[in-house]
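Chains as they are written, first to last, in my numbering: chain A, 1 to 278; chain B, 279 to 591; chain C, 592 to 1207. Reading through the structure tokens given below for one structure.
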Amino acid sequence: MSTPLLDIQNVTVEYPGHGFRAKPFRALHDVSLDVQAGECVGLVGESGSGKTTLGRAVLGLAPVTKGKVIFRGEDISHASRADRRRLASDIQVVFQDPYTSLNPSLTVEQILSEPLTVRKVPRAESWKRIKDLFEMVRLPADSGNRLPREFSGGQRQRIAIARALALKPQLIVCDEPVSALDLSTQARVLELFKDIQEQTNVAYLFVSHDLEVVRHISHRVAVMYRGEIVEFGDGDQVTSRPHHPYTQRLFFAAPIADPVAQAERREERRRLLAAQGA
Amino acid sequence: MITFIVRRLLTGLVLLAAITTLGFTLLYLGGGDIARKILGENADEQTVALKAQELGLDRPVFAQYGDWVVNALGGDLGASWFSGQPVAAAILSRLAVTLSLVTGAVVLIAIISVTLGVLAATKREWIDRVAQVIALLGFAIPNFLFAVALVLLFALTLGWFDPTGYVQFTTSPSGWAKTVTLPVVALALGGIAAITQQVRGSVIDALRNDYVRTLRSRGIPARRVILKHVLRNAAGPALAVLAVYFVGLMGGAVIVEQVFAIPGLGQVAVQATTQGDIPLVMGLLVATGIIVIVFNLLVDLAQGWLNPKVRLS
Amino acid sequence: MTNLAHSTDPQIVTAPQETAKVSLFRRILRNPMALGSLTFLAVAVFCAAFAQFLAPHDPNTSVISNVLSPAGGENPLGTDGAGRDVLSRLLYGAQFSLAGALVALATALVIGVTGGLLAGYFGKWIDTGWTWVISLLMALPNIIVLLAARAVVGPSLWAAMLIFGIMLSPAFFRLVYASVSAVRNELYVDAARVSGLSDSRIIARHVLTVVRAPIVIQSAIVGGIALAVQSGLEFLGLGDIKVPTWGAMLSDGFTNLYTAPTLILWPALAIGLTLIALTLLANSLRDELERSTGPRKQNRRKPTKPQPEAAAEDIVRHDEREPEGEIVLDVSHLSVGYPTPDGGIKRVVNDVSLTVRRGEVHGLVGESGSGKTQTAWSILRLLPEGGKIVGGSIHFQGKDLATLSEQEMEKLRGRKIAYIPQEPMSNLDPAFTIGSQLVEPMRICLKISAREARERALALLARVGIPNPERTFAAYPHEVSGGMAQRVLIAGAISCNPDLLIADEPTTALDVTVQAEVLDLLRDLQSEFQMAVILVTHNFGVVADLCDRVSVMRLGRIVETGPTRSIFADPRHPYTQELLGAILSEAEPRGPLVTAGAPGQPVSTRSASNQKGAVQ
């Protein structure tokens, strides 16, 4: 068995409590997960389940109190600022909100060249890379000197994806990247994610609250509930025939866009809840 | 709620301690040869040394500060070096005058700002322009210039009020009103400008809240939603600005009192600082510090009442 | 016609390009008020810089024989109480007064901005320390401190302004601190961190750019305050007699107020005009700044982006037989518009017609910008500021809501027409308890006593499935969860037995499991009260779950309408087809990762061992 690209081992994340002698808030409890090169692992859960925290822990934006985050054999859970800077070309991020994840006062070109200038990539090369990125995320080639607010939500998310791809990373943490988008845009952006993965063999840790989205994009899926992973396995199985009672509740709660099928699912949900005694 | 008050009070006390320590250190270390200043250039060395000993100036600064703190806790702020009058008494006798000016200004600011701010935010149109002009004038004209203009117009030209002086309220209420009206108005202008702008802004912000639509969808008339819900939510930010502005009012009173020749703390302050009467200056720092802290405590309590989140955290 | 097939989104908005690229400075020059202020300030600075060459006399030479001489001859503006030339003093006064204000401004800037940046960005103890020092400074009355300082250092303009600069630094500190702590939590700063930017680079690139313009505005204000207070001190006669300043001139003028009233006029004008110019400059800067960043702060649900108006086309109608039941709401040819800056009207709802019968749930479905929420708000007549019904009628129980007076509308809202909003938290007033927000409308609408209303509210809370009604009644909104808050809002909506319920995305902000419960609740309540319901949503699952009929909206128009089952089974309009085609539940799951080395083999086998036991 090949060593995983990302190996999260028994990670616990605690935030210090507010105020004197307050109990720390435990966002993640003993979570383990692995992502292979070129794989997409979906992380699904409801608000407060810790799914976003897990993504942030991988990025070094949340404090890991216990356990290890191993990236290519190296424990990065307590990486120094310098190490983090080095890791920046390997691990990248796409956030949920395309409105706040791009600095409104910078042009798209400035946004995209930011990671490149940090690496001291020469201007000409950096410009060429940005051209390639536009093509890769299917943005018009003349987008560079515009401001983020001149773009629609879907296009902004493409800009954010381009920024993540700029340094050719091996892993992108995607934090609800399509939740703020309209239905049709959402489908297109998901296709883009898939295409890019097939072209570049980048791995995704794909965080979402939506079982359908995760099922569509993920090879494997982990389900989180109250800071723990309750089910982890093959994407189709977890999202279509879940084993864990919580995943089952989640599955039957999402309404299907078909009045006949939804009426059936409603009944199934009622039976399930009765059986689980919830 | 009790812990909330206690915590605020403790913060206030720490603040007061910091102010006095800082003031004392700077005043006494930077004061130079104080005994010489008191006695004048012509006094001989021996008298100066004796005077310094009498005032305890020959002792280390921290010992002097220690004495001062012990005495101050007992209500004794020392005596003026020049008049010999006890500092506490000198300040207390003038405090009521200044406080009545400042209180009057706060009341005037609150009434006018809330009315004008709410009207400007909800009606817009001409009343909004009036508010803007008042804000511009209030920001741009320093209160002493405004005070001089008021004296020229209402006292000297029209003769409606007395140009200078102060009549005790207990002596003659109408005389009192005649003497304090112009100073209070002069003092309040800047505050009216600042707070009206703030009230206007926060009412507009509060009106944008989703719950305004929801409350109106339940059949509550728009007027009632504004007066009950919007105003309460908008009051917090306005009060915060008022608290900051209040400190400015204490300083503004010093100048305005001078223009109208009102015997308040301002006169004492100017006199004490030109002479270098350090015990009196320290007393003033303590007095204004306490007033500011008490006012801030009142504002905090009001904030707690307005916003349950503040109260409970 | 539909652009879904294209690989790139073609609707790039081109309108704001110009404003985006023209710098703030250039736009300021086009603003007459700002230009005037800048010109005045430039003249003042010119006078100050070249006072040596412009002034006819030395500002401090007093000619005893020439005290208080009127304007004219040797002294264009006359002489003051000490026989000094007023014009010369005015020019030199500009030099010293402005320089003094600059000293204060520079001090405040250096301390406030660095402090704000450090404390706001790094937080922790740096934050605590700075905040403490700043609140100490803010608790000290400026004038008193300046007076005290004078007692120590004597009458020095520069020392006073230096100290005053320290006193003024909170103005910058608070500004920078607030922006920085807001920016620090912005996702784009996180993204910059992940990109490997160092702290100093993030501050320079992402933080300073945000606070730059506000700092310029604040500088104009703080500079003005410094000048005003400086003049105030000198006015009190506490300044350095040897330094000619406007304040010193004021003081002299005030002493001679009765004999030579014009003496006070010149310095007062100089100070007043400078302060007005600074304030106007700050105001117009702020206006220009708000104009350029405005849309970002606005409510995103308002139509901020200019959407193209869809051309009129035939609506696809699925109609079998005439449905039964009394018509409660009849909207016909409704149009809603907002005024545009060029004086026109931008229609966001165009020629919308629909009917809702008693006991029927009518879904309005569409993507953002389709006008579905605007339609809902126009029926309640609670459109955001500027929004107006510009055409059509809304018939409800024999009245046309489109033309009804506001007083008449107030009688219908709550009693006959009720509303469930999207965001549960922002739709409860944080300053009042949940109970009081339920009781208040019932007392107005049903004219019942407080006790009766309370009983009713508790019963309602129990009815919408709140486990402990008494506790929730007494709680403040921030003390309950989002799902609970939405139940409270539903309870409020049905509290006066309305005939028509308008639910605007009632489950969008909720978690999936909570959404299912709230949908169940809405279905039960609807059949219990036999209400007519308009359900606004973007989620076809919710439509399928709850709606009897559905209208698909696009760019302000209805494109297809009919019974829900019929539309799902046979979508005819291309747009409806595209939308339904974009739904993922139909799509294939992705399946396990296939690697080149071992085709068909899942890569990892650790999955199963990672499962935790059941969490119940």
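Beta carbons are placed, not taken as given, at the ideal position from N, Cα and C, and that holds for glycine. Source: prediction; values computed, not measured.
- Residues are counted here when their Cβ sits less than 7 Å from a Cβ of chain C; for the region 99-117 of chain A these are T100, S101, L102, N103, P104, S105, E114, P115, given in chain order.
- Each residue's CA atom was taken as its position, placing Q157 of chain A and P1060 of chain C some 43 Å apart.
- Only exposed fits R1062 of chain C, as fewer than 16 other CB atoms lie within 10 angstroms of its CB.
- Inter-residue distance for I1158 of chain C and V1141 of chain C is about 8 Å (C-alpha atoms, whole angstroms).
- Chain order gives no chain C residues near N349 of chain B, where near means a beta carbon separation below 7 Å; the closest approach is about 19 Å.
- For K937 of chain C, no alpha helix (DSSP H) encloses it; the enclosing beta strand (DSSP E) starts and ends at 936-948.
- Taking 7 Å as the Cβ-Cβ cut-off, the region 410-435 of chain B approaches chain C at L414, F417, A418, I419, P420, F422, L423, V426, given in chain order.
- Residue contact with chain A for H986 of chain C: absent (no Cβ-Cβ distance below 8 Å to any residue of chain A).
- By the rule that beta-carbons nearer than 8 Å mark a contact, D488 of chain B touches chain C.
- Between L205 of chain A and V173 of chain A, the C-beta spacing is below 8 Å.
- Assignment of alpha helix (DSSP H) within the region 35-98 of chain A, counting only whole runs of 4 or more residues, yields 51-59, 81-87 in chain order.
- By the beta-carbon neighbour count (other beta carbons within 10 angstroms, threshold 16), T719 of chain C is exposed.
- When CB distances to chain A are screened at a threshold of 7 Å, the residues of the region 1126-1137 of chain C falling below it are H1129, F1131, G1132, V1133, A1135, D1136, in chain order.
- The C-beta of N733 of chain C comes closer than 8 Å to at least one C-beta of chain B.
- Chain-ordered, the chain C residues with CB closer than 8 Å to the CB of L250 of chain A read V1103, T1104.
- No residue range can be given for L973 of chain C, since it is assigned to no alpha helix (DSSP H) and is classified by DSSP as neither H nor E.
- N421 of chain B: member of the alpha helix (DSSP H) spanning 421-428, first to last residue.
- Here L1116 of chain C is actually not in contact with V1109 of chain C; their C-beta atoms are around 10 Å apart, not less than 8 Å.
- The region 62-82 of chain A and the region 229-243 of chain A do not touch, with fewer than three beta-carbon pairs separated by less than 8 Å.
- When rounded, the separation of the alpha-carbon atoms in N1130 of chain C and V956 of chain C is 7 Å.
- Here E1096 of chain C carries a coil assignment [DSSP, helix/strand/coil].
- If you look at H953 of chain C, you'll find it in the beta strand (DSSP E) that goes 952-956.
- For D234 of chain A, the beta-bridge partners assigned by DSSP are A:R220.
- The beta carbon of N201 of chain A sits closer than 7 Å to the beta carbons of A37, G38 from its chain, once the five residues preceding and following it are set aside; these are given in chain order.
- Not flagged as an interface residue toward chain C: Q363 of chain B, since no C-beta distance is shorter than 8 Å.
- When rounded, the separation of the alpha-carbon atoms in Y246 of chain A and Q276 of chain A is 10 Å.
- Taking 8 Å as the cut-off between beta carbons, the residues of the region 1156-1167 of chain C near chain A are R1156, F1159, in sequence order.
- With respect to the 8 Å criterion, L1126 of chain C and G954 of chain C are classified as neighbours on the basis of their beta carbons.
- Using a CB distance cut-off of 8 Å, P930 of chain C does not count as an interface residue toward chain B.
- For the 8 Å CB-CB criterion, S628 of chain C and L818 of chain C do not form a contact.
- Under the three-state reduction of DSSP, R675 of chain C is assigned to coil, being neither helix nor strand.
- Under the rule that a run must span 4 or more residues, the alpha helix (DSSP H) segments found entirely inside the region 509-562 of chain B read 509-537, 543-553.
- Under the Cβ criterion of 8 Å, T492 of chain B is counted among the residues facing chain C.
- For L1019 of chain C, the chain B residues whose Cβ falls inside 8 Å of its Cβ are Y489, T492, in order along the chain.
- Here Y779 of chain C really is in contact with L102 of chain A; their C-beta atoms are around 6 Å apart, less than 8 Å.
- In this structure, L1029 of chain C lies away from G1073 of chain C, with their beta-carbon atoms at least 8 Å apart.
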